[in-house]
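Protein chains: 2
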Amino acid sequence: MTVTLKDIARQVNRSVTTVSRALHDYADVSPETRALVRRTAEQLGYVPNVVARRLQKQRADAIGLILPSYGPRLSDPLFADILSAAADEITRAGLDLLISIVHRPEDEVAPYYQRVGERRVDSVWVVHTRCHDRRIAYLLERRIPFVAGGRVLEDWVFPYVDVDYARGMHSLVSHLIQLGHRRIAFAGESAELTAVHYQREGFRHALQEHGLAIYEDLIVESNPTQRGGYDAAQTLLSRRDAPTAIIAGNDMMALGVMSAIQDQGLEVGSDVAVAGFGDIPLAETSHPTLTTVRVPAQQMGRVVGQMLVMSARGQEISNPYVLLQPELIIRQSTDLDLWL
Amino acid sequence: MTVTLKDIARQVNRSVTTVSRALHDYADVSPETRALVRRTAEQLGYVPNVVARRLQKQRADAIGLILPSYGPRLSDPLFADILSAAADEITRAGLDLLISIVHRPEDEVAPYYQRVGERRVDSVWVVHTRCHDRRIAYLLERRIPFVAGGRVLEDWVFPYVDVDYARGMHSLVSHLIQLGHRRIAFAGESAELTAVHYQREGFRHALQEHGLAIYEDLIVESNPTQRGGYDAAQTLLSRRDAPTAIIAGNDMMALGVMSAIQDQGLEVGSDVAVAGFGDIPLAETSHPTLTTVRVPAQQMGRVVGQMLVMSARGQEISNPYVLLQPELIIRQSTDLDLWL
DNA sequence: TTGTAAGCGTTATCAT
DNA sequence: ATGATAACGCTTACAA
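Put into structure tokens, the structure is as follows:
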């Protein structure tokens, strides 16, 4: 049924070797043979068997993404954009992108070793890094090629792409302070996550720099969902000395924060300012529109995709430590006068 | 560096054949040998090379998802949930799920043939089916194993999982009519999509059944985004004889519809009723909360995943035509009295 | 310019 | 109960 090099070879009365070389445009094949082989291959509908090639080349030509079900959800718009862009880069390069889901934290490292050991993939993509990430330690220890979406707080050396959350947070807090806010809160996901760690760091640093007090009870942890934002805001607003501004770790949380404020009969932007991180499409169309720190998701995806390709090919990664700069997008939720 | 069967064989002084059989629990291996082999494999850290196995078995043990960049976005919450559940089923079965992105409609069929021909995948998953879908025609013609997420309007026979949009729409329209609405609009994506076709069909059918006129100019097409819903609502509301209820093809569009209504100074739920399809998390937390036809995304994913696994294994699919029933979720956007 | 032969790591067939 | 041999489809020394 399926056509192999052997079939072509028989047809054109040449050896399999010659056919292989002809198809790969080797110089030491006569033009006539090359043409004949190509024509015949076309005619017979030859499609190379990549599995055989992989066995011979000892390369899987594939990249693995292991997605913790407790980690970034595919439905997270930002992550979806990153993933799309990365998948695009990877398929463009002729490699496969394999996705698998892992449910329990205790199973989170084994799949990496397994997939690489089994030769399913050449390199893996680690997402949602934590400050002290077992996965990274494991991969480094076993010398498994990988690229991380995010840094860690250890002084380990490995390729990563990350966003400068501290800087983004700094410009956001400065913006709020300029508007006169003195009691600013931050609600983020677990501080175990490197991203959240840097958000908190930027938060504290900005307050300090402006000579403002840091109220630790205004730094809270919550789920990275709209619901999580809602709950956190409720708690914060019920405090005596409630904050006049609430920053959320991501835009979905920020939308939840806005809901909570509105449900208390307060006005977002005047009574309480709100801001998020990400700049998902909803940020622009919410009521009021949402001030946010834009994360360059597509660029992240492109870059991480390219790095993964190099890593999978065993090439040196040209620029292995990439820190992308976010951009502050000011909208109505911090400044109602804005009519965008 | 990497341990193969040969290494184990040498170590235990047996043939490669025996080692292979021992590891696969064949009956014709002595208990001692089996134990010895297992122990040694463990000790040496043997990991089977699936590429070699695939070549020998002539199976890729993998499933391909080819995602049109103009089709369902990964960030579509519903699709993300379907995909997660399917990926879970697939990896549980020991198969790989490969994702690739295709950009141009003219390139949308070739990748299927290529991936299967190259033996990268055994079976493919077609999403976002259209009424007359070239992809399905192509796959059937070439006898490529596949499972479709959605039906077509041809009388072709192939395995699919779909949602009964017509029925969902019917109960939604009935609900609105009961509330007294007579001018109901529907804004959906292109009617080329089977899902939208059935939504329209259910829409017309429900009106007919209740003896109401069908105003064709209240059936409009728009992008499946919040923006698309916003624009469609603006157009609809500017008509003389504007509708008193607007149904959107999905929840994101419905949110856009709500924004447009609010921006015109009208109240959602009293002045104009709004409903969507999907029941994404945002539907429950929007202001007002959104009436919607719940799509059982996770179940869809599980089912399609299981079907793909059977298909990839060359097994007969036990129940190849699955039509899942949606559920009407009534919230404030059609009935402001509801205090949920 | 072309061909022969070996090898990638596994499984299957057929002996012993 | 075990082993020798071939085969899966391809690439690549090496030889001619």
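Protein chains in written order, with the working numbering: chain C, 1 to 340; chain S, 1001 to 1340.
All C-beta atoms, glycine included, are put in the ideal place defined by N, C-alpha and C.
Measuring alpha carbon to alpha carbon, tell me which residue in the options is nearest residue i.
i: Q11 (chain C); options: C:P159, C:D25, C:R39 and C:Q264; result: C:R39
i: G1094 (chain S); options: C:V173, C:L95, C:P111 and C:V50; result: C:P111
i: I66 (chain C); options: S:R1240, S:T1091 and S:M1252; result: S:T1091
i: H170 (chain C); options: C:L328, C:Q43 and C:D76; result: C:L328
i: Y1113 (chain S); options: C:V47, C:Y26 and C:A35; result: C:V47
i: N1319 (chain S); options: S:D1122, S:W1156, S:M1307 and S:R1313; result: S:M1307
i: R1053 (chain S); options: C:R227, C:A137 and C:R119; result: C:R119
i: I246 (chain C); options: C:V268, C:R227, C:S15 and C:G202; result: C:V268
i: A166 (chain C); options: C:D81, C:V293, C:L236 and C:W125; result: C:V293
i: E18 (chain C); options: C:V3, C:A35 and C:T2; result: Sequence inspection shows Thr at residue 18 (chain C); the Glu mentioned does not correspond to that position. Minimum Cα distance to T18 (chain C) is reached at C:A35.
i: D96 (chain C); options: S:I1063, S:F1079, S:P1077 and S:D1107; result: S:I1063
i: M1 (chain C); options: C:R14, C:D25, C:A27 and C:G45; result: C:G45
i: E89 (chain C); options: C:A27, C:V116, C:Q298 and C:I177; result: C:Q298
i: G1276 (chain S); options: S:Q1325, S:G1265 and S:D1251; result: S:D1251
i: R1143 (chain S); options: S:A1312, S:I1101, S:P1031 and S:V1051; result: S:A1312
i: L237 (chain C); options: C:H210, C:V272 and C:D81; result: C:V272
i: L290 (chain C); options: C:Y138, C:H103 and C:D337; result: C:D337
i: Y215 (chain C); options: C:E316, C:P296, C:D241 and C:D164; result: C:D241
i: S1123 (chain S); options: S:L1323, S:V1304, S:Q1325 and S:Y1321; result: S:V1304
i: R302 (chain C); options: C:D133, C:S15, C:L83 and C:A27; result: C:L83
i: H181 (chain C); options: C:L207, C:Y160, C:L153 and C:H287; result: C:L207
i: A191 (chain C); options: C:K57, C:L153, C:L98 and C:D61; result: C:L153
i: R1200 (chain S); options: S:Y1230, S:L1255 and S:G1168; result: S:G1168
i: K1006 (chain S); options: S:V1037, S:L1139 and S:S1030; result: S:V1037
i: D1076 (chain S); options: S:G1278, S:A1248 and S:H1205; result: S:G1278
i: P105 (chain C); options: C:A195, C:Q264 and C:G71; result: C:G71
i: A1187 (chain S); options: S:L1176, S:D1217, S:T1129 and S:S1174; result: S:D1217
Between which two residues does the alpha helix (DSSP H) carrying residue i extend?
i: G117 (chain C); result: A110 to G117
i: W1177 (chain S); result: The displayed chain sequence assigns Ile, not Trp, to residue 1177 (chain S). Counting along the chain, the alpha helix (DSSP H) containing I1177 (chain S) begins and ends at Y1165 to Q1178.
i: A1206 (chain S); result: T1194 to E1209
i: G1256 (chain S); result: D1251 to D1263
i: E1042 (chain S); result: P1031 to L1044
i: A1283 (chain S); result: P1281 to T1285
i: A1052 (chain S); result: V1050 to K1057
i: A233 (chain C); result: Q226 to S238
i: I1144 (chain S); result: Per DSSP, I1144 (chain S) belongs to no alpha helix (DSSP H) and is neither H nor E.
i: A1009 (chain S); result: L1005 to V1012
i: P1022 (chain S); result: Correcting the residue type first, residue 1022 (chain S) is Ala in the shown sequence and not Pro. First-last of the alpha helix (DSSP H) with A1022 (chain S): V1016 to L1023.
At a CB-CB cut-off below 8 angstroms, which residues of chain S make contact with residue i?
i: I246 (chain C); result: Chain S residues near I246 (chain C): none, gap ~17 angstroms exceeds 8 angstroms.
i: Q114 (chain C); result: V1047
Which two residues bound the contiguous beta strand (DSSP E) that contains residue i?
i: A1245 (chain S); result: A1245 to A1248
i: V274 (chain C); result: A273 to G278
i: V47 (chain C); result: Run containing V47 (chain C): none; DSSP gives neither H nor E here.
i: S220 (chain C); result: Looking at the sequence provided, one finds Val at residue 220 (chain C) rather than Ser. I219 to E221 is the extent of the beta strand (DSSP E) around V220 (chain C).
i: G188 (chain C); result: I184 to G188
What residues of chain C sit near residue i, judged by a beta carbon separation below 7 angstroms?
i: T1004 (chain S); result: In chain order: nothing, as chain C lies at least about 11 angstroms away.
i: I1101 (chain S); result: S84, A87, D88 and T91
i: L1098 (chain S); result: D96, L97 and L98
i: R1054 (chain S); result: V51
Taking C-beta pairs closer than 8 angstroms, name the residues in chain C that residue i reaches, listed in chain order.
i: Q1226 (chain S); result: P281, L282 and T285
i: Q1234 (chain S); result: None at all; the shortest Cβ gap to chain C is about 13 angstroms.
Identify the contact partners of residue i in chain S, using a Cβ-Cβ distance below 7 angstroms as the criterion.
i: E118 (chain C); result: V1047, P1048, N1049 and V1050
i: D81 (chain C); result: S1075
i: A60 (chain C); result: V1051
Using a C-beta to C-beta distance shorter than 9 angstroms, which residues of chain C count as neighbours of residue i?
i: Q1043 (chain S); result: Chain C residues near Q1043 (chain S): none, gap ~15 angstroms exceeds 9 angstroms.
Every unbroken alpha helix (DSSP H) within the region 1059-1134 of chain S, with a cutoff of 4 residues, ordered by chain: 1077-1092 and 1110-1117
Selection of the region 256-279 of chain C by Cβ proximity to chain S, strictly under 9 angstroms: G256, S259, Q262 and D263
Those runs of the alpha helix (DSSP H) which lie wholly inside the region 292-339 of chain C and span at least 4 residues: 297-312
Residues within the region 1018-1041 of chain S neighbouring chain C, beta-carbon criterion of under 9 angstroms: none
Residues in the region 1285-1307 of chain S having any Cβ partner in chain C nearer than 9 angstroms: T1285, S1286 and H1287
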